[in-house]
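Enquirer: If you count by my numbering, then the sequence shown holds residues 704 to 1004, one letter each, in order.
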Amino acid sequence: MDRRSAATAFAAAAVSAIIAAKDAAADAQSSQATPAARPARPSFVETDDGVSLFYNDWGSGKPVLFTHAWSLNADIWEYQLAELSEQGLRCVAYDRRGHGRSTDPGRGYDYDRLADDLATVINQLDLHDVTLIGFSMGNGEAVRYLSRHGSARIARLVMVSTVPPQPNPGKFDGLVAALKQDRPAFFAKGVTAFTGGHPAVSPQMTEWVVTQFMRASPKATIDCLRAISRSDLQADLRAINVPTLIVHGAKDQVNPVELTAKMTAGLIPRCELKMYEDAPHGLVISHREQLTREILAFARS
């Protein structure tokens, strides 16, 4: 290398070193001036029997905790989570064991175990003053949680599209048989009852719901159906001691209001029942904006 080339290379290296030093100093100054961002929250908690439960945790403020319907997962609440997390609430929604992204142990699908799973989410995330929201089967988990673990961490309860409070062991035998015969066809047909053909539910949204159904474990779907039909929730409901809001669709074909919400409301001491006149079972999507406003007002009450 001649002298001129060497001098040029040396000068370039010196300039690069100066720029790098300035950048490092600027980065250090910036890190001192700006607080470190809150670390990303983990997306799984583990139960005492080794099951990993997936959860979404969006926003900050008073916590709102969502449980989901039979065979669905936390994604069904995405419209509520997106809006409420922007309204100053911390929104947590988790996948039941054997559903969505949670692991499938092939056991533990009774309400006692599922209520203990809910307690795991609440305790490990250290949630207090919770607005607890159940959807369909998730209401059973919510009320069983209150009877097994108490209301010290729960401020209020919202029950959406409730399940029957009384046991009826043979009610779902035909559904179990159909699931065992052809599960994809069962869900493709059953989603119509879920959405009620409501115009606010697009064909694409309907397909999205079916996709969630199919992500649930076959074992979980069958055992959870049996849990719904064989569980007596009447004593649990009578013992609820937090303000409770029930939201139900008058056109619910899955859980007709006379056999579910009205009976449930009659058992809870401090309860308000709100009927959506044209709503199906899946009102969390068909009436998503109305329900979101309802939850926001109740959580702030």
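Beta carbons: idealized from backbone N, C-alpha and C, even for Gly.
Predicted model, so just to flag it, every value in this text is computed and none were measured.
1) Taking the Cβ atom as the reference point for each residue, do Val987 and Ile779 lie within a distance shorter than 7 Å?
2) Quick check: what's the CA-CA separation for Val904 versus Trp761?
3) Closest by CA to Asp752, which one among Ala896, Leu768, Phe769 and Arg800?
4) Along the chain, where does the beta strand (DSSP E) containing Tyr979 start, and where does it finish?
5) Please work out which residues of its chain come closer than 7 Å, Cβ to Cβ, to Val913, disregarding the five sequence neighbours upstream and downstream, and give them in chain order.
6) Examine the Cβ distances between the stretch 846 to 859 and the stretch 915 to 926 and report whether three or more of them are shorter than 8 Å.
7) I need the boundaries of the alpha helix (DSSP H) containing Arg810, first residue and last residue.
8) Under the rule that 16 or more other beta-carbon atoms within 10 Å means buried, what is Asp829, buried or exposed?
9) Please go through the same chain and pick out, in chain order, the residues whose beta-carbon is closer than 6 Å to the beta-carbon of Ala729, but skip the five residues on each side of it.
10) Using a 10 Å radius around the Cβ and a threshold of 16 neighbouring Cβ atoms, would you call Gly791 buried or exposed?
11) Since Ile825 and Leu768 should fall inside the 8 Å C-beta cutoff, what is the C-beta to C-beta distance between them, to a whole number of angstroms?
12) Could I get the ranges of all uninterrupted alpha helix (DSSP H) runs contained in the stretch 897 to 970, with 4 residues as the minimum, in chain order?
13) If distances are taken between C-alpha atoms only, which option among Pro808, His802, Asn776 and Gly952 comes closest to Gln993?
14) Please check the pair Phe897 and His984, which I expect to be a contact at CB under 8 Å, by giving their CB distance rounded to whole angstroms.
Expert: Here's the rundown:
1) Residue 987 sits at position 284 when you count from the first residue of the sequence shown. Residue 779 sits at position 76 when you count from the first residue of the sequence shown. Cβ atoms of Val987 and Ile779: closer than 7 Å.
2) As a working mapping, residue 904 is identified with position 201 in the sequence shown. As a working mapping, residue 761 is identified with position 58 in the sequence shown. Our two residues, Val904 and Trp761, have alpha carbons roughly 25 Å apart in a direct line.
3) What you label residue 752 is simply residue 49 of the sequence shown in a count that begins at 1. Answer by Cα proximity: Arg800.
4) Sequence index remark: in the sequence shown, residue 979 carries index 276 (1-based). Looking at the DSSP string, the run of the beta strand (DSSP E) that includes Tyr979 is Cys974 to Tyr979.
5) Translated into positions along the sequence shown, residue 913 becomes position 210. Within the same chain, Val913 has close Cβ partners Phe890, Ala891 and Val894.
6) Contact between the stretch 846 to 859 and the stretch 915 to 926 is absent, because fewer than three Cβ pairs lie under 8 Å.
7) By one-based count along the sequence shown, residue 810 stands at place 107. It is not in any alpha helix (DSSP H) - Arg810 carries neither H nor E in the DSSP assignment.
8) Numbered from 1 along the sequence shown, position 126 holds the residue referred to as residue 829. Around the beta-carbon of Asp829, fewer than 16 other beta-carbon atoms lie within 10 Å, marking it exposed.
9) Here residue 729 refers to the residue found at position 26 of the sequence shown. Per-residue confidence for Ala729 stands at a pLDDT of 43, beneath the threshold of 50, marking its modelled position as unreliable; no derived number is given.
10) Reading the sequence shown from its first residue, position 88 is the one you call residue 791. Per the 10 Å Cβ criterion, exposed.
11) Here residue 825 is taken as the residue at index 122 of the sequence shown, counted from 1. Here residue 768 is taken as the residue at index 65 of the sequence shown, counted from 1. Correct: roughly 7 Å between the Cβ atoms.
12) Runs found: 906 to 918, 921 to 933, 937 to 941 and 964 to 968.
13) Residue mapping note: residue 993 aligns to position 290 of the sequence shown, counting from 1. Cα-wise, what sits closest to Gln993 is Gly952.
14) Locating residue 897 in the sequence shown gives position 194, where the first residue counts as 1. Locating residue 984 in the sequence shown gives position 281, where the first residue counts as 1. The Cβ separation is near 5 Å, so the contact holds.
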